[in-house]
Every structure is written in C-alpha cells, then in structure tokens.
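To convert, take the position in the sequence shown, counting from 1, and add 75; that gives my numbering. One structure below.
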Amino acid sequence: MDSIFRKPPMTRRTGVARSGSTAIDGGQIKIDLPLDFLVAEHRVFVEVSQAFSVLPTLTDVRRMFSKVELTSNQGTHYTGDFYQVYDASRFTERSTTPVIAVGASPCTAKFNFEIHHINDASKLDLLTALKTNKLSSLQLVLTLNADNANLFLNGTNSAAAEVRAYVQGREYPTLTNDPNLGIAQHLFAHLAERKGVAAADSFDVNLKAGGKIRHLFVHTFDMATGLPADGVLDKFNLSIGGVERIKNESFADLQQDNEAIRGLKVAGLSVIDFGDDPSQWPEITGDMGEVKLEFTSLATAPASWKARVAQDWTVGLDRLGVQ
C-alpha cells in the first residue's frame, strides 16, 4: 500500500561503532543515537568474530542477542528477544542475506536488521516517524547471548565472540518540523512466554491496551534442541470488543498467509497480520478490560516446548480520527 505522504530524498547517516563481548559490561553494547531529525527507521549493522577449536555446523543470527531494546526519555519504543526483533524487521520488506563464514577459525558473520519507526508499507507511515529532535535521550542496547549459545551452533569455541555494531539513521531532515508528522508512535514489545509438553492444552496471553494492533508474532521452539520448530501450536482465537478477529485459525494456515502476503515463511514463526490499512487494525481501549490471545497446543507437540508472543502496535492514531 502506497504512502499518502510525498517524501523528499532520504538521508542516510551512520553513527559511531561500538564493540563488545560477554566479558564487557555484562554483555551489553550501548549505542547513544543522534537527536536531530525525523527518523523513519534505524538500521543496525552487526559484525561478529569468534575463534573455535571445533568449527560450528549450523548458524542462526537470531541467536546472537538475548534482548534488543530501544529507549528514550519518553519510554521504551522497542523491546524483545532477537528472534522477535529480527523477524519483525523483515516481515514487511525484503531483508538482506547474512554473510557468514565458518570454514576456518575465527568464524565470522555480518548481518543487519531494522527498527522501523514508520509503519512500513502502511499508507500512514510517516505519522509514526520518530522526531528525535524532541527527545533528550535515545539509546539502543544490544545484550549478547552466552558464547556457547550464540549464532554459531554445534561447535566448540575457544574465545568469547567479538561483536561490533553501528547504526544508520534513515532520516528526513526537511520534514523534521512538519507538525503533521511524527505525532503517533509505533511500538514493539515481547509480551509473554508459555511452556508446555506433548499434549493438547490451552493457553492465553494478555495483549497491551491503548492502541491499534498491526501484528502479533508467535515463535515456537522445541526445547530438546532449543531451536525454532513447527508442529507445536494448533489453533488461535482472538476476540476484541465483542468481535471475533481470529477464530480457530491454525498456526500452519497463518504461516501460509504470511508466505502468500508477505513472502516470508520461517520455521517456528506464525504472524497474525492485520494488514497495511490502519482502519483495519483492531483497537484495544482501556475500558475493554483484559484482551487475550488464546491458543492451543497439538497433542503431537514436542516433549518439551515453548512459545513466545510479541506485539506490534501504534498509539496516537485515535487522536487523528483513524478509526
């Protein structure tokens, strides 16, 4: 869906790189971001190097960080584990392929991901662009996973991973002071984790109120391997304001929709997608009380599994008459 806003040329500005490891600052890499312009998104570039005595046989960049969080003096804008943040980054647009070398020690990886402030692919995208010039602080914190549980799998490391990260702002300087832009806020957060066994069972997760929901990300894992896996969850149900938005929708069918509509099919990931038109995004108001995403597990699920749910939503559109 095309944006209703006419955009001037975008400025791409890359900030100072920060390096870290699990042996430094509790494994946290903290990057203070510039406070100047209207920012559509922040693209984060990551470079990893780690020595191994036995080379890894598998890789998954989503294991590199246990948590990614973007905060300002206004609160938390983005927070989640890296499976959630990375997959949210590539859900509404094509992503680049990580460059990974594991044929010799040290093993290396280069990859990037985006933190979207605009609702990417939505016609009202710039309403949620981030006016960083109105902030007094803006910091990205990347928390590294343990060295034996990062993106390199099935190997034996002989040193801590060395990680370098830098951030590029995708900015519109000439639109920074436009009073009609950046007046709503795009948010993303991990909601909850549920665990189960090989049995049909029921679960629920409370959703966050106070805005319009665009996506709900559900990741499932087989705890025997610790890796993402299908064949864990069965059906989803979601009722908001007395209206059934999801009724007996299967995890597998949602994956088919994700592939057909977004071009993304990932093992262990199903996204409840309410589309690109903000008028179609369900709104949760405070007077509704608790709103829950309900789901069931398959009787044939792995012996031990877990599911994590994240919410992508926008606050402030109601003030603009978007119903």
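A virtual CB, placed ideally from N, CA and C, is assigned to each residue, including glycine.
Residue i to residue j span [Cα, whole Å]
i	j	result
G403	F80	Nothing can be reported for residue 403, as the shown portion of the chain is limited to 76 through 398.
D77	D351	10 Å
V177	L130	7 Å
F186	T89	15 Å
N232	S180	9 Å
F311	E324	5 Å
A92	A267	32 Å
M363	S314	11 Å
P173	F157	15 Å
S141	H261	22 Å
R269	P83	45 Å
A20	A234	Because the chain in this structure spans residues 76 to 398, residue 20 falls outside the shown range and cannot be described.
I175	R239	15 Å
C-beta atoms of residue i and residue j nearer than 9 Å
i	j	result
E246	H191	no
K340	N333	yes
T183	E122	yes
T218	P109	no
V280	K367	yes
A382	H265	no
S147	L250	no
I347	L291	yes
R289	D387	yes
I99	V216	no
F370	F278	yes
Q149	L210	yes
Other residues of its chain near residue i: CB distance less than 8 Å, five sequence neighbours each side excluded
i	result
A224	R138, G301
F349	I288, R289, H290, R320, Q355, W356, P357
Same chain, Cβ closer than 6 Å to residue i, five either side skipped, listed in chain order
i	result
A376	A273, V307
S345	V293, F326, L329, Q330
F120	N187, Y241
D276	S372
T132	N229
Same chain, Cβ closer than 7 Å to residue i, neighbours up to 5 away in sequence not counted
i	result
S170	S164
G343	H294, T295, F296, P303, A304, D305
A126	S180, P181, N232, S233, A234
L256	L113, L201, L202, A204, L250
- Query: Below 8 Å, can you find three or more Cβ-Cβ pairs linking the region 219-232 to the region 195-211?
  - Reply: The region 219-232 and the region 195-211 do not touch, with fewer than 3 CB-CB distances between them shorter than 8 Å.
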